[in-house]
Amino acid sequence: MRLAAGVLSALVLVACSQAVPGASQSNAGTTPSASAAKSHPTPPSSEAGTFAGDLPVTTVDFSCRLPVVTSNPDVLPAEQGAFITFPAGLLANDPNGAMVVRENGFATTVPPVLSGGGGGFYDRALKRWVPASPAGTLADGTAYAYVSYNGTFVARVVNVASGDVRSFGLGSLDRPEVVDFAAGGVFLYSPSAIGGPGEGVWLMNPTTGSVTRVAAAHRVWTVRDGKAWVARLDPRDKTVWPQSEVQPADSLAQFDLATGAETQWFYRAGAYPWMVGLVSGRPLIAVSSVSGQSEIRLIDQPGSDGKLIYSGNLVFDGYFQNYQGDGDRIWLGGEGGIYLYRPDRGIQRVFAYDARSGSGRGIHPGGICL
């Protein structure tokens, strides 16, 4: 999937530091949290952009090992955990990092076998590669949840250390996905079938499997800390939007699941703020206007225009995951390699990866730098 920088529905990011990862809380055990790791269609844009892979490779001035996951649907394993050592920029596959295609998803090859829906990340507390979205992982890394489908939708809660699985049928829920796993339980929502924000928020008890509807939230991007991040169209905006299957939006708001109170965080008439992820609790958005202007912004508080991360036509191709960062260093991945954003350096390509465009191959960060 090819995306301009302002329409990064396939962009992946993660911070490399000692900051606590996890999208909803301090997370000593897992990589930064992500939304359900599914690919989404590109939001409206009038420009195709230029491959970010065309950037020259820059050598970083620090030392660390970045866990990454490479994807290649043409070979086995389809997903492979590896580490890039910086500043040398050397990639080495982890023999314990193979994640192969199995019925209804992926599975590790080392015991105890861990299964999941794909995406993949490195659980540093348990020192295991997990074939699932970090969003569905507890803060301490001890368990994760995902949804599988084989005629019916089933939620599975997995103990990382033992591989033990608890399975619960999800009844009549429409295409549910795990969007967060917190102390209060497993949060589910129904993603859009055509891309963009989804609908509703449900809470599942990870012990009993009982499911209750938390809120009739609409146009939901993700859920963190008892709040849903939602897309909205402000009535002040008189823009004539081009025809699209994705309903237009010009705002990002935070919806309190307990009270129903809604707070607008970002608004720009004629621009679509496509949510990419959360960086230390702050939304990272890709802003695409009907005129073709593309930006990436980190929004630090309600009503703020945020920090401009990038403006231009670079294209990031890769697996869609929403990782959290420390607000300083942000890692991105895709077909062209691994990219790093730092406030004083901007976006740089720090590792080259040769993938055929549209092949489904790519590389994405699987955690914070170790």
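Here the sequence shown is numbered in the numbering used here, starting from 2 and rising by one per residue. Beta carbons are placed, not taken as given, at the ideal position from N, Cα and C, and that holds for glycine.
*Quick one: is the Cβ of V166 within less than 6 Å of any heavy atom of the ligand FMN?*
Of the ligands one can find in the structure shown there are none, so the ligand FMN has no counterpart to examine.
Just to check my reading of the structure: Y354 and I364 have Cβ atoms closer than 8 Å, yes? What is that Cβ distance to the nearest angstrom? Counting from 1 along the sequence shown, the entry for residue 354 is found at position 353. Counting from 1 along the sequence shown, the entry for residue 364 is found at position 363. Right, the Cβ-Cβ distance comes to about 5 Å (below 8 Å), so this counts as a contact.
For L67: DSSP bridge partner residues:
The residue you call residue 67 lines up with position 66 of the sequence shown. Answer is I85, bridged to L67.
**Asked** Would you report the Cα separation of T59 and V351, rounded to the nearest angstrom?
**Response** Counting from 1 along the sequence shown, the entry for residue 59 is found at position 58. Counting from 1 along the sequence shown, the entry for residue 351 is found at position 350. Cα to Cα, T59 sits roughly 5 Å from V351.
Next on the checklist: Buried or exposed for V241, going by 16 or more other Cβ atoms inside 10 Å?
Outcome noted: One-based indexing of the sequence shown puts residue 241 at position 240. The residue in question, V241, is exposed, as its Cβ has fewer than 16 Cβ neighbours within 10 Å.
Proximal residues to S25 (C-beta, below 7 Å), its chain only, five neighbours per side dropped | Looking up residue 25 in the sequence shown gives position 24. Residue placement at S25 is poorly supported in this model, since its pLDDT is 32, which falls under 50; the coordinates are not used for a value here.
According to DSSP, is A136 part of a helix, a strand, or is it coil? To locate residue 136, count along the sequence shown from 1; it is residue 135. Three-state DSSP puts A136 in a helix.
Pick helix, strand or coil for G334, following the three-state DSSP scheme.
Indexing the sequence shown from 1 puts residue 334 at position 333. Three-state DSSP puts G334 in a strand.
Review point. Should the region 231-239 be regarded as contacting the region 278-292, the criterion being three or more beta carbon pairs within less than 8 Å?
Key: When C-beta atoms of the region 231-239 are compared with those of the region 278-292, fewer than three pairs fall below 8 Å, so the two segments do not count as touching.
**Prompt:** What does a CB cutoff of less than 8 Å around P112 pick up in its chain, not counting 5 residues either side in sequence?
**Reply:** The sequence position of residue 112 within the sequence shown is 111, counting from 1. Around P112: G164.
Is it buried or exposed, A262, if we count other Cβ atoms within 10 angstroms and call 16 or more buried? What you label residue 262 is simply residue 261 of the sequence shown in a count that begins at 1. Counting Cβ neighbours within 10 Å, A262 comes out exposed, since fewer than 16 surround it.
**Study point:** Delimiting residues of the beta strand (DSSP E) encompassing N97
**Key:** As a working note, residue 97 is residue 96 in the sequence shown. It spans L91 to R103 - the beta strand (DSSP E) in which N97 sits, taken as one unbroken run.
Quick one: what does DSSP say G246 is sitting in, helix, strand or coil? The sequence position of residue 246 within the sequence shown is 245, counting from 1. Here residue 246 turns out to be Glu, not Gly, going by the sequence shown. E246 carries a coil assignment under DSSP once its states are collapsed to helix, strand and coil.
Practice problem: Express the C-alpha separation of P57 and T51 in angstroms, rounding to a whole number. | Solution: Here residue 51 refers to the residue found at position 50 of the sequence shown. Here residue 57 refers to the residue found at position 56 of the sequence shown. Unreliable positioning characterises T51 in this predicted model, as indicated by a pLDDT of 48, which lies under 50. A coordinate reading is not provided.
Assign F169 to one of two classes, buried (16 or more other C-beta atoms within 10 Å of its C-beta) or exposed (fewer than that).
-> Position 168 of the sequence shown, counting from 1, holds the residue named residue 169. F169 sits buried, since 16 or more C-beta atoms from the chains shown fall within 10 Å of its C-beta.
Taking Cβ positions, are M100 and G121 nearer each other than 7 Å?
Within the sequence shown, the letter at position 99 stands for residue 100. Within the sequence shown, the letter at position 120 stands for residue 121. It is a contact, given that the beta carbons lie within the stated cut-off.
>> If you reduce the DSSP assignment to three classes, tell me which class N160 lands in.
In response: As a first step, residue 160 must be located in the sequence shown, where it is residue number 159. The three-state reading of DSSP puts N160 in strand, counting E and B together.
From what residue to what residue does the beta strand (DSSP E) around D181 run? Here residue 181 refers to the residue found at position 180 of the sequence shown. Where D181 is concerned, the enclosing beta strand (DSSP E) stretches over E178 to A183.
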